[in-house]
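First residue of the sequence shown? That's 1 in our numbering, and the numbers climb one at a time after it.
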Amino acid sequence: MDDDKKYQGIGGWLILVAIGVVLKPIVLLVKTLPIFVPIFIDDTWQQLTTAGSEYYHPMWAPLIIGEVTFNIGMLIASVALLYLFFTKHYRFPLLFILVSVVSLGVLPLDAWLTSFLFPDEPIFDPATVKELAQTAIVALIWIPYMLVSKRVRATFIEKRPIAADGLTEQSSVNTIG
Numbered sequence: 001m002d003d004d005k006k007y008q009g010i011g012g013w014l015i016l017v018a019i020g021v022v023l024k025p026i027v028l029l030v031k032t033l034p035i036f037v038p039i040f041i042d043d044t045w046q047q048l049t050t051a052g053s054e055y056y057h058p059m060w061a062p063l064i065i066g067e068v069t070f071n072i073g074m075l076i077a078s079v080a081l082l083y084l085f086f087t088k089h090y091r092f093p094l095l096f097i098l099v100s101v102v103s104l105g106v107l108p109l110d111a112w113l114t115s116f117l118f119p120d121e122p123i124f125d126p127a128t129v130k131e132l133a134q135t136a137i138v139a140l141i142w143i144p145y146m147l148v149s150k151r152v153r154a155t156f157i158e159k160r161p162i163a164a165d166g167l168t169e170q171s172s173v174n175t176i177g
C-alpha cells in the first residue's frame, strides 16, 4: 500500500497526459469549427446535398452528418476525459483507451468513405497520413502506459466500486515498474 502512495497523484508521465487531455477539446474545436460551420451558414449544404446541383453527390449528406456527429461525440468524450482525469476517477484509463482506439479506427474509415466522393484522389492524402500517424503514435505510447503504469493504477482510484470483502476491486491487468 505504501508503494501505491508513492505513485499517487498527477506526476511523472501523467503530466504529459494532462497536457494532452486539456488541449484535446481546444484542438478539436479549432480544427473542426472552421470546416463545418461554413457548410451550414452559407448555401454549401444545399449545393452538396441537392440532387441536380453541380456539386451534388449522394454521399455528401451522410458523410457530413456522420463527421459532425462523430466530432460532437469526440468533443463530449474529451470533456468527459477532462473531468475524469482531474477527479482521478477510476474510469479515466478505460475511456482514454476507448477514445484512442475509436479515433484510430475512424480515420481510415473516413478516408475510405471520402474516396467515394473523390475517386481520382489518393485515399490517404498527406494530411490523412499525418493525422493517422499522429493518432497511432499516441495510441502506441499511451494505451500500454494506461494498462501497465503503477502511477495510473495508484492515481485513478476515485469512485471505484467496493468488492463484497470490503476491499477495492483491482484491475485484472498486472502492472510493471
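We treat Cβ as the ideally placed atom computed from N, Cα and C, and that holds for glycine.
Outcome for residue i when other beta-carbon atoms lying within 10 angstroms are tallied against a minimum of 16
i	result
residue 140	exposed
residue 49	buried
residue 21	buried
residue 38	exposed
residue 33	exposed
residue 112	exposed
residue 159	exposed
residue 96	buried
Rounded separation between residue i and residue j - CA only
i	j	result
residue 178	residue 35	Because the chain in this structure spans residues 1 to 177, residue 178 falls outside the shown range and cannot be described.
residue 1	residue 28	Only weak support is given to the placement of residue 1: the predicted model assigns it a pLDDT of 48, under 50, and the value that follows is read from those uncertain coordinates. Answer to the nearest angstrom: the Cα atoms are 39 Å apart.
residue 85	residue 119	42 Å
residue 152	residue 117	43 Å
residue 89	residue 24	18 Å
residue 44	residue 142	39 Å
residue 154	residue 10	10 Å
residue 60	residue 144	37 Å
residue 26	residue 114	25 Å
residue 125	residue 8	43 Å
residue 104	residue 41	30 Å
residue 156	residue 82	13 Å
residue 79	residue 93	14 Å
Any non-hydrogen atom of the ligand HEM closer than 7 Å to residue i Cβ
i	result
residue 136	You won't find the ligand HEM in this model; it holds no ligand whatsoever.
- Unbroken alpha helix (DSSP H) runs of length 4 or more, entirely within the segment 79 to 150: which are they? 92 to 115, 126 to 148
- Go through the segment 30 to 76 residue by residue and report every complete run of the alpha helix (DSSP H) that reaches 4 residues or more, in order. 44 to 49
- Task: For the segment 127 to 135 and the segment 71 to 85, state whether three or more C-beta atom pairs, one from each stretch, are separated by less than 8 Å.
- Result: no
- Message: Does the contact criterion of 3 or more C-beta pairs under 8 Å hold for the segment 5 to 25 versus the segment 45 to 62?
- Response: no
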